[in-house]
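Heads up, the thing below is written out as structure tokens.
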Amino acid sequence: MLAVTDIVNNVDDMVSKHDKGTLTFKSASIDLLQIGLDVLPAARGAKLLNPAKSAIQEAKGVANMRLVLFDAVQFGGQFIVMYERTKEQLVEIQDKQISVLAEKYRALIDLQTQVAEGKLNASDPQLRQKQADIEADAKAIRDTVTTTWTQAVQHQATFFVGSHLVGGHEEAAAGAKANEETHFEREIPREVTTLRKTAANTFEGEPQNLRVAHAHYQAEGVQTSAIEYDPATDTAHFDITDKTTGTKTRIEAPMRSVRSFSELRGVQNTVVGHPVDKTTGFAVIEKLNRGDASALASVGIGDAGGGKLPEEHEFGLGELSNGTVVVVIGQEAAVDWAHLPGMTPRAHTHPPSVHDIPPQQNGARSVPLTELLMPTPVPYLAREVVFPTPADFIVMAHLGVDGHVVVTDFVVRDNNVMKAPEGDTGPRLIFTILGSHEIGARTDGRKVYKAKVVGKSGSETPINHDVWVVQDLNDTTGHIFMTQPADVVLNEPGKAAPHTESTSGGEHATEQTPATKTEAQRGAPKAPLTPADVKRKQALMKKWRALGITELRELVRLRERAGETTYEPDTPEHKVNAWDHTESDKTFEKWSPRYHRALENSRFGLEREAELRARLDNGNGKVTSKVVQTARGARQMDAATPTRYFQLKTGDAWLSRERPGGQLPHLEAILRDRLADKPVVWVVEGKATQQLRDMLAGKDPLNEKITGPQGPKTPIELFEGEGAFEAAVKKYGLPPKKEDE
Amino acid sequence: MSTGTWVVLFRKARVPSKEAVIATLSTLRSAKVTDRGEMEFTVVTDGGSFDVALNTQSYVVEEARFAVDRNGEALDNPDEVATYDARFELLFDHRDMANGDLFNPLLAAAERLAKLTSGVVYETDSGEFQ
Chain A
29 MLAVTDIVNN VDDMVSKHDK GTLTFKSASI DLLQIGLDVL PAARGAKLLN
79 PAKSAIQEAK GVANMRLVLF DAVQFGGQFI VMYERTKEQL VEIQDKQISV
129 LAEKYRALID LQTQVAEGKL NASDPQLRQK QADIEADAKA IRDTVTTTWT
179 QAVQHQATFF VGSHLVGGHE EAAAGAKANE ETHFEREIPR EVTTLRKTAA
229 NTFEGEPQNL RVAHAHYQAE GVQTSAIEYD PATDTAHFDI TDKTTGTKTR
279 IEAPMRSVRS FSELRGVQNT VVGHPVDKTT GFAVIEKLNR GDASALASVG
329 IGDAGGGKLP EEHEFGLGEL SNGTVVVVIG QEAAVDWAHL PGMTPRAHTH
379 PPSVHDIPPQ QNGARSVPLT ELLMPTPVPY LAREVVFPTP ADFIVMAHLG
429 VDGHVVVTDF VVRDNNVMKA PEGDTGPRLI FTILGSHEIG ARTDGRKVYK
479 AKVVGKSGSE TPINHDVWVV QDLNDTTGHI FMTQPADVVL NEPGKAAPHT
529 ESTSGGEHAT EQTPATKTEA QRGAPKAPLT PADVKRKQAL MKKWRALGIT
579 ELRELVRLRE RAGETTYEPD TPEHKVNAWD HTESDKTFEK WSPRYHRALE
629 NSRFGLEREA ELRARLDNGN GKVTSKVVQT ARGARQMDAA TPTRYFQLKT
679 GDAWLSRERP GGQLPHLEAI LRDRLADKPV VWVVEGKATQ QLRDMLAGKD
729 PLNEKITGPQ GPKTPIELFE GEGAFEAAVK KYGLPPKKED E
Chain B
63 MSTGTWVVLF RKARVPSKEA VIATLSTLRS AKVTDRGEME FTVVTDGGSF
113 DVALNTQSYV VEEARFAVDR NGEALDNPDE VATYDARFEL LFDHRDMANG
163 DLFNPLLAAA ERLAKLTSGV VYETDSGEFQ
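Chains as they are written, first to last, in the numbering used here: chain A, 29 to 769; chain B, 63 to 192.
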């Protein structure tokens with residue numbers, strides 16, 4: 029037996045020296061009993077030291093030359109390392125010869141028991157024959173083990189190494205997370221270690237794992253071709269090439285594309301039919317989004333006829349390397365491009381059954397185009413329904429895709445955007461996402477993406493705007509804004525934004541792509557900032573609300589040079605501009621907190637209103653804001669459920685005086701609530717004055733001259749104080765929508 | 063929720079004339095003041111519009127006391143403010159305020175009405191005396 033005498037730093041070092049034949053050994057000893065009792069039973073559980081290099085070894089023509097380590101067995105602080113093929117021989121000895129021997133040994137024991145019980149004569153020839161068989165088998169095993177072991181040792185295929193070299197082996201054996209002291213290559217992604225060898229120089233995995241494997245081999249410095257989808261073989265694949273021998277090993281994934289209409293049911297994120305040119309592809313998915321299954325004939329699915337398409341499934345187009353496209357069927361309300369390797373996401377649909385504008389104040393499911401494009405301080409649901417979704421922008425930024433098309437069923441009619449009315453065969457809104465890229469992050473850590481979105485309706489282009497998407501914390505979706513949000517700290521010019529690779533909920537990783545475009549590449553700043561300027565700007569931005577006017581002006585100058593100024597509310601430049609134009613007598617120090625409080629209070633109130641609607645609605649799609657007509661005039665209800673209306677006050681609430689027009693004071697508001705067609709509920713999260721409470725309870729203020737129509741003085745339900753919001757939601761929130769509704 | 067309210071609290075004895083109110087509000091930059099009768103005014107500025115209405119109802123003093131009890135710690139003269147029995151109500155749309163341009167004219171209007179009446183400005187929604 030040999031033991032490693034080199035100074036090797038770790039197992040990688042040892043494997044490398046072993047591969048090069050530069051490892052040196054000294055004699056060591058192990059007896060046959062130890063091999064039999066300790067080594068053989070552990071053979072099956074021995075761990076590959078470099079499992080993920082299978083494909084690379086294959087390319088190098090050295091398959092089965094990998095090293096394994098018997099981490100479950102130690103001999104005086106030494107582990108046994110051997111070639112995988114030697115281990116396989118030992119496994120065979122253990123599994124076959126020793127198991128046969130054990131069977132014979134059990135039979136011998138039975139015979140000896142019978143002798144002891146007087147049922148069998150001790151000189152019975154069966155007994156002697158069994159003993160002879162066992163001795164012969166044992167000798168054969170000893171010989172085989174000795175031969176195998178001796179040859180392995182002679183060829184330096186088995187040797188001892190110090191256990192210090194494989195520190196962390198116990199953690200590795202226990203499945204602990206990788207650390208640098210552990211040498212079982214545990215940082216290799218599961219998507220790589222689960223590749224199956226299907227033929228010489230060919231490994232196979234699942235489609236959704238291919239991008240991860242590809243990224244891994246690229247990161248390993250292996251010569252790696254791009255991932256391609258080959259319609260002829262219906263596989264996606266890439267090749268890795270050994271730089272020395274030129275040997276190629278293929279990593280592939282069968283795609284199992286849909287070839288007939290009947291196969292369409294139940295599949296998701298799958299190629300449908302054969303490739304077509306882009307023009308045809310766009311025409312196909314547009315027709316599919318209108319429910320016309322016959323369009324599939326263009327991609328070779330001739331039996332679709334008037335068949336019914338899965339209503340809520342999206343369709344997409346994946347562009348192949350030769351410029352043609354394949355139609356893909358996604359899943360309900362999504363396409364998970366991680367399952368579609370070897371193609372660039374070029375387009376997808378937003379099915380009409382999934383995307384519709386929520387009812388507006390007048391009950392109509394349409395919004396003026398101008399309203400859709402108007403900057404809003406809070407997320408605007410109608411915009412996020414009509415536009416490509418926030419997730420669409422984020423995924424395109426992650427994948428570095430420029431020019432992704434989103435086909436919708438919305439139309440622009442008389443400057444209003446709505447879902448296409450039944451029978452409307454006119455042009456739909458078709459969006460293109462251009463240059464989606466991460467520009468930075470808000471101070472709370474949420475990433476911010478910027479893109480241009482172009483919406484076409486036939487030959488018209490009613491939408492052509494920059495948009496900003498602020499991610500949610502999971503980075504898979506977010507909200508769309510028409511202006512750059514306040515607080516965003518931009519990435520340094522020219523520095524690639526760090527990429528995450530998730531395309532659909534963070535479950536799947538995809539190929540690592542370089543940053544598509546940075547802010548600097550998209551628009552030349554007036555005067556590029558030096559690294560020191562950038563650092564200064566970021567430092568000031570982090571605490572901009574608390575800055576004095578001098579530092580605030582400095583920040584605005586830096587933002588102007590970087591091309592970041594928007595003059596939107598609650599930005600440094602808006603604040604400086606507001607201060608410069610204020611007519612207030614206050615000093616900046618007193619004016620500043622009032623500026624922020626006023627804007628934030630209004631913004632918070634509007635957000636809280638939206639939250640109340642969402643909480644009351646509970647996913648049913650029935651709760652909206654609504655303008656109710658009363659005999660005294662219109663009354664804006666913050667939330668309207670099927671049975672009640674709700675008024676929300678996020679702070680204290682006073683009884684302001686009766687007045688028929690203009691902004692509605694609370695006294696007049698209550699008078700109108702008494703005339704509403706459904707009971708009105710007031711939710712005051714602060715404290716209501718006694719006078720307001722009295723009026724809500726039906727007691728009008730003394731001496732107040734109330735004229736005009738009046739309703740019954742039925743008490744109006746009031747939720748008040750810290751828990752008012754939750755109490756109202758608990759009492760009046762709709763039950764969750766059932767799955768089958 | 064869409065209506066926000068700031069008030070200027072003061073003594074009823076200091077209620078100004080309609081002309082004085084219009085003159086005061088008209089000093090705001092680019093302001094157009096409409097007299098709606100009964101001491102109610104609409105002010106339109108470049109930053110948006112808001113309404114101003116006088117309220118001298120008996121409950122005003124009770125709500126003044128309420129405000130002082132809740133948030134009067136920042137005042138130099140809380141006991142005095144708690145006796146104020148008149149107020150101008152400045153009513154605005156939260157959406158205009160959130161869009162950023164209404165703050166300056168509203169603040170200036172409140173400050174000037176406070177100066178005219180020797181009163182104090184109170185933001186009822188946020189519970190802050192200015």
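For each residue, glycine too, the CB sits at the ideal point set by N, CA and C.
Range of the contiguous beta strand (DSSP E) that encloses residue i
i, result
"LYS475/A", "475-485"
"SER630/A", "No beta strand (DSSP E) holds SER630/A; the alpha helix (DSSP H) holding it covers 616-645."
"ILE491/A", "488-499"
"TRP68/B", "65-72"
"THR96/B", "94-99"
"LEU695/A", "Looking at the DSSP string, LEU695/A is not in any beta strand (DSSP E); the run it does join, the alpha helix (DSSP H), is 694-701."
Same chain only: Cβ atoms within 6 Å of residue i, ignoring 5 sequence neighbours per side
i, result
"ALA668/A", "THR652 and LYS654"
"ALA659/A", "LEU703 and PRO737"
"ASP728/A", "none"
"ARG76/B", "THR179 and SER180"
"PRO140/B", "VAL130 and GLY134"
"THR610/A", "none"
"GLY749/A", "none"
Local Cβ density within 10 Å of residue i, reported as buried at 16 or more and exposed below that
i, result
"GLN117/A", "buried"
"PRO303/A", "buried"
"GLY633/A", "buried"
"GLN154/A", "exposed"
"GLU81/B", "exposed"
"SER612/A", "buried"
"HIS694/A", "buried"
"MET424/A", "buried"
"ASP364/A", "buried"
"TYR184/B", "buried"
"GLY267/A", "Correcting the residue identity first, residue 267/A is Asp in this sequence and not Gly. Result: buried."
"ILE734/A", "exposed"
Nonlocal neighbours in the same chain, by C-beta distance under 7 Å from residue i, ignoring five residues either side
i, result
"ILE744/A", "ILE698, ASP701, VAL708, TRP710 and LEU724"
"THR308/A", "SER326"
"ALA170/B", "LEU90"
"ARG636/A", "LEU676 and THR678"
"PRO78/B", "LEU178 and THR179"
"VAL429/A", "THR372 and PRO373"
"LEU8/A", "Past the boundaries of the shown model lies residue 8/A; chain A is included only from 29 to 769, so the question cannot be answered."
Beta-carbon proximity list for residue i, same chain, < 8 Å, skipping 5 on both sides
i, result
"ASP472/A", "ASP515"
"ALA64/B", "The sequence as given places Ser at residue 64/B; Ala does not occur at that position. ASP155, HIS156 and ARG157, listed in sequence order."
"ASP384/A", "ARG393, VAL413 and LYS447"
"LYS765/A", "ASN646, GLY647, ASN648 and GLY649"
"LYS570/A", "THR471 and VAL517"
"ASP97/B", "LYS80, ILE84 and PHE103"
Limits of the alpha helix (DSSP H) - the one that residue i falls within
i, result
"ARG589/A", "577-589"
"ARG374/A", "First-last for ARG374/A: 372-377, but that is the beta strand (DSSP E), not the alpha helix (DSSP H)."
request  = Could you tell me whether the stretch 386-397 of chain A touches the stretch 437-448 of chain A, using the rule of 3 or more Cβ pairs below 8 Å?
outcome  = yes
ask   = Between the stretch 159-181 of chain B and chain A, which residues of the former have CB atoms less than 7 Å from a CB of the latter, in chain order?
value = MET159, ALA160, ASN161, GLY162, PHE165, ASN166, LEU169, ALA170 and GLU173
key: Stretch-stretch touch, CB-based, cutoff 8 Å, three pairs: the stretch 144-156 of chain B with the stretch 713-729 of chain A   = No: the two stretches stay apart, fewer than three of their Cβ pairs being nearer than 8 Å.
key: Residues from the stretch 367-400 of chain A in contact with chain B, defined by Cβ distance under 8 Å   = none
ask   = If contact means a Cβ-Cβ distance below 7 Å, which residues of the stretch 619-645 of chain A contact chain B?
value = Cβ contacts with chain B come from ARG622, TYR623, ARG625, ALA626, LEU627, ASN629, SER630, ARG631, GLY633, LEU634 and GLU637.
ask   = the stretch 717-735 of chain A: which residues have C-beta closer than 7 Å to a C-beta of chain B, in chain order?
value = Residues THR717, GLN718, GLN719, PRO729, LEU730, ASN731 and GLU732.
task = Specify whether the stretch 287-307 of chain A and the stretch 320-340 of chain A touch according to this definition: at least 3 beta carbon pairs, one from each stretch, less than 8 Å apart.
result = Touching, yes, given that three or more Cβ pairs across the two stretches are closer than 8 Å.
Contact between the stretch 346-362 of chain A and the stretch 606-622 of chain A (3+ Cβ pairs under 8 Å) = no
message = Tell me whether the stretch 370-383 of chain A and the stretch 342-351 of chain A touch, counting them as touching only if at least three CB pairs, one residue from each stretch, are closer than 8 Å.
response = For the pair of segments examined, the stretch 370-383 of chain A was found to touch the stretch 342-351 of chain A: the number of CB pairs separated by less than 8 Å reaches three.
key: Validate contact between the stretch 425-445 of chain A and the stretch 477-489 of chain A using beta carbons, cut 8 Å, 3 pairs   = Touching, yes.
request  = Would you check if there are 3 or more beta carbon pairs closer than 8 Å linking the stretch 123-133 of chain B to the stretch 598-605 of chain A?
outcome  = Contact fails: fewer than three Cβ-Cβ distances are below 8 Å.
ask   = Counting pairs of Cβ atoms below 8 Å between the stretch 161-170 of chain B and the stretch 90-109 of chain B, do you hit three or more?
value = yes
message = Which residues of the stretch 599-613 of chain A have a Cβ closer than 8 Å to any Cβ of chain B? Give them in chain order.
response = HIS602, ALA606, HIS609, THR610, GLU611, SER612 and ASP613
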